[in-house]
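Structure, as structure tokens:
There are 2 protein chains.
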Amino acid sequence: MLYLVGLGLGGVKDITVKGLEVIKKCSRVYLEAYTSILTVGKQALEEYYGRELILADREMVEQDADEILRGADVTDVAFLVVGDPFGATTHSDLVLRAVNAGIKYQVIHNASIMNAIGCCGLQEAGLSQGPSKGARNEMCLLKLSHLLCFSDIKVKEQSMENLLRGRKIYEPPRYMSVNQAAEQLLEIVRNRREREEELAISEDTVCVGLARVGADDQAIVAGKLQQLACCDLGGPLHSLIITGHLHPLEVDMLRLFATQPDSLQSLRTTDSSTYTS
Amino acid sequence: MLYLVGLGLGGVKDITVKGLEVIKKCSRVYLEAYTSILTVGKQALEEYYGRELILADREMVEQDADEILRGADVTDVAFLVVGDPFGATTHSDLVLRAVNAGIKYQVIHNASIMNAIGCCGLQEAGLSQGPSKGARNEMCLLKLSHLLCFSDIKVKEQSMENLLRGRKIYEPPRYMSVNQAAEQLLEIVRNRREREEELAISEDTVCVGLARVGADDQAIVAGKLQQLACCDLGGPLHSLIITGHLHPLEVDMLRLFATQPDSLQSLRTTDSSTYTS
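Heads up: the protein sequence lines correspond to chains A and B, in order.
Just so you know, my numbering puts 274 at position 274 of the first sequence, and the rest follows in order with no gaps.
Here my numbering runs 1000 ahead of the position in the second sequence, where the first position is 1.
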């Protein structure tokens, strides 16, 4: 059996009881280490699980999946993923390879940023996912529902030069921060204004920045876009939500996280123009 | 401290280790019992946690929240929610009441249908949430991204007569099934066609029915809308996805769940007209 086990978002104890039991009984346990990161590292997980983990980077999962699946028809293999196992296409690919090889699989779900983001009080029903590759994709900025932008993650990526030369030298991991994303959005706003093109957001659009959701030191701030461009939410991973039409209860929740006590005081909630404060 | 603890979707062991530790240390533990259900009941949870659970129905949460929060400034109270705690607006309300009463709160996340739905292989990025109140809302049917419709849940609801007479007599719980939702959609398709109005779906639109996601006996079927109107996925809870533009990898995954071996064979994946097979 191939078990795809979600680890949740925060620390070692965010695994489910069911997931932990699976890890303890499997003959090999892989840790997927490129679509997301936990606030704790591999070593902390190994100590807590009492198991050695095999790091599975993008190369291994995409090019050496057979090694991960080896023997999984007669023994149990676990593949651990931060968040929920079905956040990234690559893991569908692993499932398909397993099924084609006659290997059964089971998914053990957990929280992911897709649902945990609700902790800021915005209803998931109104959340659309934005461009995963940075915040520069202007196409998405005309939507009126809340827009969730994941900050860009670059782990084990090669520079263009090293890629062309076939050298397996990797850049240090980089994680986009909320203030960097907000700064890029402000640039788009300014560029559009210069070109006199319409855009649904402005410097005053209410946004929410979230960091390390689910971890003990998670940080949430709500404020105008230009305020978020100046905030420092600490270590990765960061997410940014551009709010759309806000329900009064959503406004009340956002006020809990206001960058400044009065920054969301004037927020109106009466009509669809409420995404500026 | 008020702890809002997600229970995940399947059985007793879908709670996180962190969540289980919280339940064991709290002085009172409430089980929210109206926005969703687990495949196991209150008694199974009580036995597994080794704790008595206080059932919190809609009336209690909406009208007697002070009782839930009583003493939570000096002791620990847990509020358990199937899935993730922030799936329903009501729980934002509880958080706001806590904060206003000077009570700290902490959220312990878990899988919810919003992210676990990815197990059918459709990327969440393309998923929009449809009408929660049944599938009859025609407004949403013109979208082209995948549309997730939760089947209607009616728990502890009064009949109109009992409501008007102020009698606290409740109807038996009802859960809409995938085939009922598909049947309602077919009716909309037929009505629209009679009125010669445009609609983005037809009898041949590829849909996915899911039941008891995350539980050991979860069921997933993929097929044309008219095929799903004839399927029986067993007990609640059910969800239905109307697919939009499909990525080739999504098609491969859906074929794993085809209602009939050949029902998705002819599915094309080359352009945005791919949502008919």
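We put the beta carbon where it would ideally sit given N, CA and C, even for glycine.
- Residues of the region 1018-1032 of chain B with a Cβ closer than 9 Å to any Cβ of chain A, in chain order: 1018, 1019, 1020, 1021.
- Listed in chain order, the positions of the region 1062-1085 of chain B with a beta carbon within less than 9 Å of a beta carbon of chain A are 1083, 1084, 1085.
- Between the alpha carbons of residue 1187 of chain B and residue 1207 of chain B lies a gap of roughly 15 Å.
- For residue 1054 of chain B, the closest of B:1037, B:1033, B:1105, B:1073 by C-alpha to C-alpha distance is B:1033.
- For residue 1198 of chain B, no beta strand (DSSP E) segment is defined, and its DSSP state is neither H nor E.
- Taking C-beta separations shorter than 8 Å and ignoring five residues to either side along the sequence, the partners of residue 1193 of chain B in its chain run 1199, following chain order.
- Cβ-Cβ separation between residue 1215 of chain B and residue 1039 of chain B: approximately 4 Å, consistent with a contact (criterion under 8 Å).
- For residue 28 of chain A, there is no enclosing alpha helix (DSSP H); the enclosing beta strand (DSSP E) covers residues 28-32.
- Inclusion of residue 231 of chain A and residue 179 of chain A in the CB contact set at 7 Å is warranted, their separation being smaller than that value.
- Separation of the CB atoms of residue 1079 of chain B and residue 1068 of chain B is rounded to 7 Å, and the pair is thereby assigned contact status at 8 Å.
- By the neighbour-count criterion, in which a residue is buried when 16 or more other Cβ atoms sit within 10 angstroms of its Cβ, residue 123 of chain A is buried.
- For residue 108 of chain A, the three-state secondary structure derived from DSSP is strand.
- In terms of beta-carbon proximity, residue 179 of chain A stays away from the interface with chain B, with every pair separated by 7 Å or more.
- In the displayed model, residue 120 of chain A falls within a helix according to three-state DSSP.
- Identification of chain A residues near residue 1015 of chain B by a Cβ-Cβ cut-off of 8 Å yields 16, 17, ordered along the chain.
- Going by beta carbons, residue 110 of chain A and residue 6 of chain A fall inside the 7 Å limit.
- Counting only runs of 3+ residues, the beta strand (DSSP E) found wholly inside the region 1001-1061 of chain B occupies 1002-1006, 1028-1032, 1054-1056, in chain order.
- Residue 18 of chain A sits buried, since 16 or more C-beta atoms from the chains shown fall within 10 Å of its C-beta.
- Close to residue 1109 of chain B, with beta-carbon spacing below 7 Å, are these residues of chain A in chain order: 8, 9, 111, 116, 214.
- Within 10 angstroms of the beta-carbon of residue 212 of chain A lie 16 or more other beta-carbons, which makes it buried.
- DSSP lists A:170 as the beta-bridge partner residues of residue 158 of chain A.
- Exposure of residue 1075 of chain B is indicated by the presence of fewer than 16 other C-beta atoms within 10 angstroms of its C-beta.
- In this structure, residue 1229 of chain B sits away from residue 1171 of chain B, with a CB-CB distance that is not shorter than 7 Å.
- Residue 2 of chain A is positioned such that its CB atom lies closer than 7 Å to that of residue 72 of chain A.
- When Cβ-Cβ separations below 7 Å define contact, residue 253 of chain A makes contact with chain B.
- One finds 1086, 1107 in chain B with Cβ atoms closer than 7 Å to the Cβ of residue 119 of chain A, taken in chain order.
- Residue pairing of residue 240 of chain A in beta bridges, as defined by DSSP: A:149, A:209.
- Taken through DSSP and simplified to helix, strand or coil, residue 1103 of chain B comes out as coil.
- With respect to chain A, the C-beta atom of residue 1099 of chain B has a partner C-beta closer than 7 Å.
- Within the DSSP secondary-structure output, residue 81 of chain A pairs in a beta bridge with A:6.
- Rounded to whole angstroms, the gap between the alpha carbons of residue 1185 of chain B and residue 1242 of chain B is 10 Å.
- Residues of the same chain with a CB within less than 6 Å of the CB of residue 90 of chain A, apart from the 5 flanking positions on each side, are 61 in chain order.
- By the neighbour-count definition (other C-beta atoms within 10 Å, threshold 16), residue 44 of chain A is an exposed residue.
- The beta carbon of residue 36 of chain A lies closer than 6 Å to those of 82, 83 in the same chain, with the five residues before and after it left out.
- With its beta carbon at least 7 Å from every one in chain A, residue 1122 of chain B lies outside the interface.
- Taking 7 Å as the threshold, the shortest C-beta distance from residue 256 of chain A to chain B falls below it.
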